[in-house]
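Some notes on the structure that comes next.
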Amino acid sequence: MSFKPLSLAGLLGLSAGVLAFGQPALAAQMFNRIASFPVAENLEEGAAPDSVTSAEIITASDDGNTLIYSDSPHGGIGFIDITDPAAPQAGGFMAMQGEPTSVSALHGVALVGVNTSESYTSPGGELRAIDLADQQPIRSCQLGGQPDSVAISPDDGWAAIAIENERDEDANDGRIPQMPAGYLMIFPLEQGVPDCDNGRKVALTGLAEIAPSDPEPEFVDINDDNRIAVTLQENNHVVIVDAASGRVVSDFSAGTVDLAGIDTAEDGRLAFDERLQGIKREPDAVHWLDTERLVTANEGDYEGGSRGFTIFNADGSVAHESGAAFEHAVAAAGHYPEGRSDAKGVEPEGLEVGTYDGQRYIFVLSERGSVVGVYRDTGEAPELVQLLPSGIGPEGAVAIPGRQLLATSNEEDLGADGGPRSHVMLYQRAEGNAAYPEITAALDADGKPITGWGALSALAGDPEDADRLYAVNDSAYANAPTIYTIDKASQPARITSASVVTRDGEPATGLDLEGIAPDGAGGFWLANEGNAEKEIPHALLHVDSQGAIQAQVPLPESVLERQTRYGAEGIVRIDGKLWVALQRPWQGDPENTAMLLAYDPATQQWGGVRYPLDKPQGDGWVGLSDLAAKDDALYLIERDNQVGEAANIKQVTRVAFDQLQPAELGGELPTVRKDVVLDLIPLLRGTGGYVLEKVEGLTFDAAGQAYVVTDNDGVDDASGETRFFPVEIGRQVAAGAGN
């Protein structure tokens, strides 16, 4: 009996170790992330540490011990030593005196396409051969135009380069034709080194129905018959060329797709109930699956983008169309980029194909969702095996089957804005269950997620059901503030229902929910973080079980007169009273302190204490993100606003109830004593990724088990990754300040 990969429903709701009909499965072979490498660690000596870097296209050496990636903004290629794949090491950086656009490697030689264009109308480029042993140039071939993708044939005999001569998006509204036209270059290889004198230029004009005079080749791949597949993305076309003769064997339109159950509006909410008709696929990456089938990632460009991938037969007929299924899987895992709903959704851009122990896999990279879909190639409809978390903007991937590895290159570097740097991520295939996702949405009868979700900003346990938790989203979805019910007994945990918070029967737009607490009568108290500039109130909301607002309680005027936008970040109910954590100091507060406010709904009286925050280490700030109660103490998440290697403070602290003696607001407030009881940073690194910034939810279930969740920022300038996991909170590990 062999392992049968899961359907989307199985992926999101069943254990990977059990098949249908109750039959035990053989141990599943799954990919799990084991390491991340920030490519800024590969900067050459003397480079500014904050230099913008990127990992775009990636390849591997013959032995699989070295990764090579193109870094366009920094103008070179980087090397990563993965002899120990769980501990990748910087392997050096080589400047290219131009813009590297793609890289492929064989026989100890890296072939790098380098853009040397003077302008859009005067393009130029070179194919450079680099010796991997000493990182020195061997040969350079003139290309005559701006290169994009580079591929090497399976028999090592040929290199193909897509010469895109990309369009100027500011000219003629970015429409084509824009001269000069692109084309294909083919070079014979000898031990990985191109024969520049015998290169062949293959014209691709006159083939596509769209702008036939201006083909823009985007991506190339070569099969075992030395047939080169070339995507003309803007032209919505695919061309197949014989490598030896340079003859165009066939060509076909990539066609259109009708999509149902998608979100087409960038409107601050997730609603997968709309349709689009006749959407051009406009494929980006292409890979042969065998000599008769090829797969394309249909990212789209200026007139299309069908949000999925397509398997074509070599004659151009469609063998499989993913439609909206890939996007549904991404949305169910919380990775859907709502800000791209009116454009191209999850934007599948990159692809990789690899055969591991006789099983061929298709890896589909969502550029905007920052997630990788792993599909088993069945020869018919591919089966979704799992989703892998990635860095921001996965552009390239390389399969290394001989070492049971996969690597992705993630191009976005947000370091200048205090965000994550560009990363290369490593995954290993081994027996066991998929570690990710840790929380998903349940599916409806049509296979769609019952709700889109993201930006989980708080947690609360059900007072009676130990398997049930609640969460809310924040202003990332300001037009659909939502309460989520989570079944944590499922593996992974499953969002089973969602209730939009309403006012007078309509969605209560313009909220920024950051805290939730059951009210003891079936409803909830919600903490709303205000922003005076956007007319969002600092307030507590009392809602019924369906999310309808019953009352709104503003924070007291004596506090509001000193307000900033960093307000309520958590709420908990203790003996009928509510405790609310403000994230950071407000005007006039002592440095490195935050207020904990107490509110009694019965008397409508307020009070407060001060909480001593750790001092920031380096740049940024430290504040509170949530609070929960157990036994005789209050537990809080205290964190800095740093990410990755810059993160220092992500911790759970404890304040004994006897410290919570609220004083009247407007006067001196007592400062409580805190103890640090759990450092979260090792746990946040535990899945091989970088440390996420926003640890925002903490609660105890009815049985006393603690849980933590991170806020994925609604996949906006973030990887979309959500961590949701139990934690053991024991005795203090460090004493804090206070009385």
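Residue 885 is where the sequence shown starts when you use the working numbering, and the numbers rise one by one after that. The beta carbon of each residue, even a glycine, is placed where N, CA and C say it ideally should be.
- Taking C-beta atoms as the reference points, residue 952 and residue 966 fail to come closer than 8 Å.
- For residue 1031, the enclosing beta strand (DSSP E) covers residues 1031-1036.
- For the pair residue 1045 and residue 1021, the Cα-to-Cα distance works out to about 18 Å.
- Pairing residue 1006 with residue 977, the inter-Cα distance amounts to about 29 Å.
- Its Cα nearest to that of residue 1179, the residue 1236 stands out among 1164, 1388, 1215 and 1236.
- Looking only at 1137, 1320, 1304 and 1409, the smallest Cα-Cα distance to residue 1201 is reached by 1137.
- Looking at the backbone, the Cα of residue 974 and that of residue 932 are separated by about 16 Å.
- Only exposed fits residue 1286, as fewer than 16 other CB atoms lie within 10 angstroms of its CB.
- Around the CB of residue 1588, fewer than 16 other CB atoms lie within 10 Å, so the residue is classed as exposed.
- Between residue 1392 and residue 1363, the alpha-carbon positions lie close to 7 Å from each other.
- In this model, residue 1454 and residue 1308 are separated by some 34 Å (Cα to Cα).
- Contact between the segment 1521-1535 and the segment 1575-1585 is present: 3 or more CB-CB pairs across the two stretches fall below 8 Å.
- Boundaries of the alpha helix (DSSP H) around residue 1216: 1209-1216.
- Judged by DSSP in its simplified three-state form, residue 1378 adopts strand.
- With contacts defined as CB atoms closer than 8 Å, residue 984 and residue 1310 fail to qualify as a contacting pair.
- The Cβ neighbour count for residue 1026, taken over all protein chains shown within 10 Å, is under 16; the residue is labelled exposed.
- Around the beta carbon of residue 1477, 16 or more other beta carbons lie within 10 angstroms, which makes this residue buried.
- In the DSSP assignment, residue 1020 is bridged to 1015.
- Per DSSP, the unbroken alpha helix (DSSP H) holding residue 1565 starts and ends at 1565-1568.
- Spanning the alpha carbons of residue 1003 and residue 1062 requires a straight line of approximately 13 Å.
- With a cutoff of 8 Å on beta-carbon distance, residue 1217 and residue 1272 are scored as not near each other.
- A residue is called buried when at least 16 other Cβ atoms come within 10 angstroms of its Cβ; residue 1467 meets this threshold and is buried.
- Under DSSP, residue 1575 takes part in no beta bridge, so it has no partner.
- For the segment 1026-1075, the continuous beta strand (DSSP E) assignments of 3+ residues that do not extend past its boundaries occur at 1031-1036, 1042-1047 and 1067-1074, in sequence order.
- Within the same chain, 1497, 1498, 1500, 1524 and 1533 come within 6 Å of residue 1506 by CB-CB distance, once the 5 residues on both sides are set aside.
- Ranked by how close their Cα comes to the Cα of residue 1102, the residues 1113, 1094 and 1439 have 1113 in first place.
- For residue 1436, the CB contacts under 6 Å within the same chain, skipping 5 residues up- and downstream, are 1423 and 1425 in chain order.
- In this structure, residue 939 and residue 923 form a Cβ contact; the two beta carbons are roughly 5 Å apart against a cut-off of 8 Å.
- Counting only the Cα atoms, residue 1042 lies some 22 Å from residue 1089.
- Residue 1191 and residue 1139 have their C-alpha atoms roughly 14 Å apart.
- Bridge partners of residue 1584 according to DSSP: 1590.
- Leaving aside the five residues that flank residue 1593 on each side, the residues in its chain whose CB is nearer than 6 Å to its CB run, in chain order, 1340, 1343, 1581 and 1608.
- Between the C-alpha atoms of residue 1396 and residue 1420 there is a straight-line separation of about 8 Å.
- Judged by their CB atoms, residue 1055 and residue 1098 are not nearer to each other than the 8 Å cut-off.
- The residue among 1008, 1282 and 1261 with its C-alpha nearest the C-alpha of residue 1204 is 1261.
- Annotated three-state conformation of residue 1598 is helix, per DSSP.
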